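Notes to accompany the following structure.
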Amino acid sequence: MTSEPKRAGRPARKSAQTLDARLSETLIREIIENKYAPGDWLREQEISDRHGVSRASVREALRNVARAGFVEMQPWRGAQVTQVGLDELIEIFVLLEDVYAQSARLAAAHFPEALFPRLEAQMAELDAALRAGASKAELCSKSFELGRFIGRHCGSRMSYRMLIQVGSLALWQQLLLTPGTPLAVEQSAHAHNILVSAIKTREGEVAAAAARLTTLITRSSLIAENGPVSAPATLGAKRLERRLRTTG
1 MTSEPKRAGR PARKSAQTLD ARLSETLIRE IIENKYAPGD WLREQEISDR
51 HGVSRASVRE ALRNVARAGF VEMQPWRGAQ VTQVGLDELI EIFVLLEDVY
101 AQSARLAAAH FPEALFPRLE AQMAELDAAL RAGASKAELC SKSFELGRFI
151 GRHCGSRMSY RMLIQVGSLA LWQQLLLTPG TPLAVEQSAH AHNILVSAIK
201 TREGEVAAAA ARLTTLITRS SLIAENGPVS APATLGAKRL ERRLRTTG
């Protein structure tokens, strides 16, 4: 008799966790889209009223958002959107460089061949957006979605989860800060093309090097006004390709 109530209670707990996770994703997306600016306070009651959920669900969702790095929980005051300094920005992109490289290396071994046409289509969309002079926000979002697609099919759930967490923080900062130089944007797209090609030809080390360089180029461009620009941001497209092809 005692076992039935326990079994009956489990679906409700799972449902609550699913609701918290969905709300967490929504809040992170709103922060990335700058609906909440760095330093803003996220008010439990306002979020509760807007999304039609309990304040308990909001509190749990905010804890998840804090673990992802987008807010800081202040005792007795609530959740405040994180303000990222230059040191933290560099750390985010250094982490992303390592995680993206590992995901790319794994993708070269495990990415399903049946999904190659979709991978090529996403790369073609990024190239088309670049040629059309798309906004920084659109180019950043398309690059992020391409990386997400690669990570989702790299054969490692852990690598994918880490890539999304760190990549989301990097995307947020890209959208907040000034646009990169036209040269950096062109080089990043070129490196993404090499990354896609290396995944299709199963060249793991080339794929990893290309992923590293996409991140390194972006990082250098973002911090150019606050520090020295590293070498990859000044490499021409042909020299970049030679450097990638000689790695490993």
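In the UniProt record's numbering, the protein residues as written are 1 to 248. Virtual Cβ for every residue (Gly too), placed ideally from N, Cα, C. Bear in mind that the values here come from a model prediction, so they are computed numbers and not experimental data.
Ranking Arg77, Glu88, Ala132, Met123 by CA distance to the CA of Leu169 puts Glu88 first.
Secondary structure at Glu72: strand, using DSSP grouped into helix, strand and coil.
Taking C-beta atoms as the reference points, Ala184 and Ile217 count as a pair closer than 7 Å.
For a cut-off of 8 Å, the C-beta gap from Gln165 to Ala68 is around 6 Å, short enough to register as a contact. Setting aside the 5 residues that flank it on each side, Cys140 is surrounded in the same chain by Leu171, Gln174, Leu175, each with a C-beta closer than 7 Å to its C-beta; the list follows chain order. A residue is called buried when at least 16 other Cβ atoms come within 10 angstroms of its Cβ; His110 does not meet this threshold and is exposed.
Counting along the chain, no alpha helix (DSSP H) covers Gly78; the unbroken beta strand (DSSP E) around it starts and ends at 78 to 81. For Ser48, the enclosing alpha helix (DSSP H) stretches over residues 44 to 51. Using a 10 angstroms sphere on the CB of Asp49, the tally of other CB atoms stays under 16, which defines it as exposed.
Residue pairing for Trp41: DSSP places it in a beta bridge opposite Gln80. Counting other Cβ atoms within 10 Å of its Cβ, Met123 reaches 16 or more and is therefore classed as buried. In terms of Cβ geometry, Ala104 and Ala21 do not form a close pair [threshold 7 Å].
Around the Cβ of Ser221, a 10 Å sphere holds 16 or more other Cβ atoms; the residue is buried.
Between Thr214 and Leu96, the C-beta spacing is not below 7 Å. CA-CA distance, Ala191 to Glu46, rounds to 43 Å. In the same chain as Arg118, and ignoring 5 residues on each side of it, the C-beta atoms closer than 8 Å to its own belong to Phe149, in chain order. Between Arg55 and Ala207, the alpha-carbon positions lie close to 45 Å from each other.
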